[in-house]
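Here is the structure we will look at, set down as structure tokens.
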Ligand code: G1P
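In the working numbering, the protein residues as written are -9 to 282.
What follows is the structure in structure tokens.
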């Protein structure tokens, strides 16, 4: 089996209920953070790790994701007339990468979404990117995991320490530190009930997985929330091979949640060269107003 990660799966078939009514007919993945849809940050992160083949698992009302990553001929013609060269390059930059789309007919859970992508993965290790977990582009989480895979040749899950009160929102691991941010995982629980979390080490939306997960997923039964859970399948995989966690110490935004989405928007706007000065003075004004 190759020790290079060349492919990434993006599950994007979820219903986006936390953002209703905005997501009634539009994909959550297309909600913009400043001027790019959420999913584009994840796709750019994959490209920065030299991952050139992407599979997006979509569903109903998700067609605009395909259009977004497609070549925009008409727009290009129009922008050419107004001399907007830089913008043309920006909108068509990602249309050169290979993206395959597969539909998950039923939203049966994250584990099921991953299993839908099996035909594209062949017998290779692959990355999974949950696009509503946005990683600050200056952090190198996935890149570090791809490098670590070369050494460990085993599945690796990104971890973050979360407050005890938040563990119920995540898959949580039980593990032993091996130094350098690496944990050998002994057990995993999806969204533990209060008092049942084995630690405060939560799984965040970056995984390196090996193709043996597909056999397990193909016979997985629904778990937490009646959904086929990736966490449960990894817990089963653990009986057959070592699985590791890698502790992320950078900045992650849970943009699948309204507050996290707003935080990402504010921070990315502050870093945006076109907006930063004007937005900063607006924010200073808001903060003054709030202190009154
Ligand atoms: C999914 C996973 C969970 C993980 C989380 C990270 O949950 O099932 O184990 O901790 O992503 O964002 P979701 O947020 O889709 O409910």
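Even glycine gets a Cβ: it sits at the ideal position worked out from N, Cα and C. Predicted model only: the values in this text are computed from it and were never measured.
query: Cβ-heavy atom distance between residue 180 and the ligand G1P below 7 Å?
result: yes
message: Can you give me the C-alpha to C-alpha distance between residue 136 and residue 172, rounded to a whole angstrom?
response: 13 Å
Pairwise C-alpha distance: residue 24 and residue 44: 24 Å
task: Tell me whether residue 72 is buried or exposed, calling it buried when 16 or more other Cβ atoms sit within 10 Å of its Cβ.
output: exposed
DSSP-derived helix/strand/coil call for residue 136: helix
task: Tell me, please, which residues DSSP counts as bridged to residue 173.
output: 167, 235
query: Roughly how many angstroms lie between the CA atoms of residue 6 and residue 247, to the nearest whole one?
result: Going by the C-alpha atoms only, they are around 10 Å apart.
query: DSSP on residue 21, reduced to helix/strand/coil?
result: Three-state DSSP puts residue 21 in coil, outside helix and strand.
task: Would you check whether the ligand G1P has a heavy atom nearer than 7 Å to the C-beta of residue 219?
output: yes
task: Leaving aside the five residues before and after residue 3 along the sequence, list all residues of the same chain whose C-beta is less than 6 Å from its C-beta, in chain order.
output: 47, 48, 49, 94, 97, 103
field: Strand pairing of residue 0, partner residues [DSSP]
entry: 46
query: Since residue 191 is in the beta strand (DSSP E), which residue starts that stretch and which ends it?
result: 191 to 199
query: Quick one, are the C-beta atoms of residue 121 and residue 0 less than 8 Å apart?
result: Result yes, Cβ atoms of residue 121 and residue 0 sit closer than 8 Å.
message: I need the straight-line Cα distance from residue 113 to residue 22, nearest angstrom please.
response: So the alpha carbons of these two residues sit roughly 35 Å apart.
- prompt: At a cut-off of 7 Å, is residue 120 close to the ligand G1P when judged by its beta-carbon and the heavy atoms of the ligand?
  reply: yes
task: Compute the beta-carbon to beta-carbon distance between residue 81 and residue 55, rounded to the nearest angstrom, for a pair I have assumed lies under 8 Å.
output: So it is not a contact: roughly 15 Å between Cβ atoms.
query: What residue ranges within the region 34 to 84 form continuous beta strand (DSSP E) runs of no fewer than 3 residues, ordered along the chain?
result: Fully enclosed beta strand (DSSP E) runs of 3 or longer: 43 to 48.
query: What do you get for residue 63, buried or exposed, if any count of 16 or more other CB atoms within 10 angstroms of its CB means buried?
result: exposed
query: Shortest alpha-carbon distance to residue 232 belongs to which of 203, 215, 238?
result: 203
- prompt: Is residue 148 closer than 8 Å to residue 214 when the C-beta atoms are compared?
  reply: no
query: residue 57: buried (16+ other C-beta within 10 angstroms of its C-beta) or exposed?
result: When all chains shown are included, residue 57 counts as exposed.
Check: residue 160 C-beta below 7 Å from any heavy atom of the ligand G1P: yes
Pairwise C-alpha distance: residue 140 and residue 226: 23 Å
message: At the level of alpha carbons, what is the spacing between residue 19 and residue 142?
response: Between residue 19 and residue 142, the C-alpha separation is close to 32 Å.
query: With which residues is residue 116 paired in a DSSP beta bridge?
result: Answer is 199, bridged to residue 116.
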